[in-house]
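Everything on this sheet refers to the single structure shown next.
Numbering (our numbering), first residue to last: 7 to 394.
Following this line, the structure appears as structure tokens:
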């Protein structure tokens, strides 16, 4: 004899319009008095019943709104769209690139509820064959944050990504430093290009590329302040960067640097050339007061600078332009000063590092010191450029 289902057990019926079997279960009433009904559908009775079991399992686990077809791609896209509010523009660009290039193509089609720690481990192991450890950490972070956000919104029970360790990837490309001979070759090759002043200032002051891209003329003092007590030589105030909020990398990175004579000369020329560019651009000019800008006054991004830098290096003897980046001018500055016998503590002050007790002491006491050591030594290393 067939047993009659108890009241509330739900049922199983064929939906002619959808051409699917529908399994239902009644779970009582919500606080407003509305009946709670859960459904599962499939091409067969068994498939519909299994789908209903999955829905019931989510309900029992407290995931009452979790859709069974929610994928990893849905979770990642939701995080990219809503989970990055207030982040720096460059950070958003970076994580978006990592997610769309590596995460979504490999794991995006996987249902989030079915994603396992083994899936993540295998994915990271494959990526480790071609990517650096730092990039792998970035990928793991993107997926981890996406799943964590989905878990907080009842899309999945747990975050399996947190259970997975990041494997060691390929070694990253080590930073390099120019020798004196190479530095002279770079300066010679860059002369006459739009990047000449940028390269000279970066190499002879050690300023970070994000600091130079944000440098404005009101922070450049090419005549110095001879009437100050004590008198101040020509200098730049490295107090801004293109980072979020315009701050330097750390507060201790704020520093005022005396300019070598060669920097003073190229910056005067840069000021004059920019005046002609402003005149040529006319109404298209966008005034931002930047020392280094596009032909219409707009800020330069990292890609602009890297591309122009490598173009300027073409023809430099003993230099493969494709193997060098603008940030390595800063490494070269440190290397050249060290080779010339400048103490590590002084170099640390010049580049805005905070790794020594001397640096800590200096930045506590001095509000606006003009650090001249770099300019003096660089004047000795790179002789004054010939008159043009």
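C-beta: ideal position from N, C-alpha, C; glycine also.
On a predicted model such as this, the values are computed, not experimentally measured, just so you know.
Practice item. Could you check the C-alpha separation between residue 70 and residue 101 for me, to the nearest Å? Key: Walking along the chain shown from the start, residue 70 turns up at place 64. Walking along the chain shown from the start, residue 101 turns up at place 95. Because residue 70 carries a pLDDT of 48, less than 50, the predicted location of this residue cannot be relied on, and no value is offered for it.
**Study point:** Contact between the region 287 to 296 and the region 204 to 214 (3+ Cβ pairs under 8 Å)
**Key:** no
Check your understanding: Would DSSP call residue 1 helix, strand or coil?
Key -> The structure shown does not extend to residue 1, since the chain is modelled only from 7 through 394, so no value can be given for it.
Exercise for review: Report the rounded CA-to-CA distance for residue 75 versus residue 44, giving the unit in angstroms.
Suggested key: Residue mapping note: residue 75 aligns to position 69 of the chain shown, counting from 1. Residue mapping note: residue 44 aligns to position 38 of the chain shown, counting from 1. Near 15 Å, if we compare the C-alpha coordinates of residue 44 and residue 75.
Exercise for review: Pull up the distance between the alpha-carbon of residue 161 and that of residue 336, whole angstroms please.
Suggested key: One-based indexing of the chain shown puts residue 161 at position 155. One-based indexing of the chain shown puts residue 336 at position 330. Answer to the nearest angstrom: the Cα atoms are 47 Å apart.
Check your understanding: If we count the other Cβ atoms within 10 Å of its Cβ and call it buried at 16 or more, is residue 338 buried or exposed?
Key -> Taking the chain shown and counting its residues from 1, one reaches residue 338 at position 332. Looking at its Cβ environment, which holds 16 or more other Cβ atoms inside 10 Å, residue 338 is buried.
Check your understanding: In this structure, what does DSSP give as the bridge partners for residue 18?
Key -> Counting from one through the chain shown, the residue named residue 18 turns up at place 12. Answer is 29, bridged to residue 18.
Practice item. Determine the direct distance from the alpha carbon of residue 344 to that of residue 334, and round the result to whole angstroms. Key: Mapped onto the chain shown, residue 334 falls at position 328. Mapped onto the chain shown, residue 344 falls at position 338. Residue 334 and residue 344: Cα-Cα distance of roughly 15 Å.
Exercise for review: Could you tell me the distance, in whole angstroms, from the CA atom of residue 319 to the CA atom of residue 125?
Suggested key: As a working mapping, residue 319 is identified with position 313 in the chain shown. As a working mapping, residue 125 is identified with position 119 in the chain shown. If you take the alpha carbons of residue 319 and residue 125, they lie about 45 Å apart.
Practice item. Measuring alpha carbon to alpha carbon, tell me which of 84, 230, 262 and 174 ends up nearest residue 144. Key: Here residue 144 refers to the residue found at position 138 when the chain shown is read from its first residue. Checking every option, the nearest Cα to that of residue 144 belongs to 174.
Check your understanding: Out of 59, 111, 189 and 279, which has the shortest C-alpha to C-alpha gap to residue 324?
Key -> Residue numbering aside, residue 324 sits at position 318 when the chain shown is read from its first letter. Answer by Cα proximity: 189.
**Study point:** Complete alpha helix (DSSP H) runs within the region 261 to 321 (minimum length 4 residues, chain order)
**Key:** 267 to 287 and 308 to 319
Review point. Excluding the five sequence neighbours on either side, which residues of its own chain have a C-beta within less than 6 Å of the C-beta of residue 117, listed in chain order?
Key: The residue labelled residue 117 in the question sits at position 111 within the chain shown. Within the same chain, residue 117 has close Cβ partners 77.
Check your understanding: What residue from 159, 177, 176 and 153 has the CA that sits closest to residue 167's CA?
Key -> Residue 167 sits at position 161 when you count from the first residue of the chain shown. Residue 167 has its Cα closest to that of 153, out of 159, 177, 176 and 153.
Point to revise | Reference residue 155, options 278, 88, 137 and 31, closest by Cα | key: Taking the chain shown and counting its residues from 1, one reaches residue 155 at position 149. Nearest of 278, 88, 137 and 31 to residue 155, Cα basis: 88.
Review point. Quick one, which of 308, 299 and 282 has its alpha-carbon nearest residue 223's?
Key: As a working mapping, residue 223 is identified with position 217 in the chain shown. Minimum Cα distance to residue 223 is reached at 299.
Review point. Between residue 374 and residue 264, what straight-line distance do the alpha-carbon atoms span, to the nearest angstrom?
Key: Walking along the chain shown from the start, residue 374 turns up at place 368. Walking along the chain shown from the start, residue 264 turns up at place 258. The predicted model places residue 374 with a pLDDT of 39, which falls under 50 and marks its position as unreliable; any figure quoted below should be read in that light. Roughly 12 Å between the two C-alpha positions.
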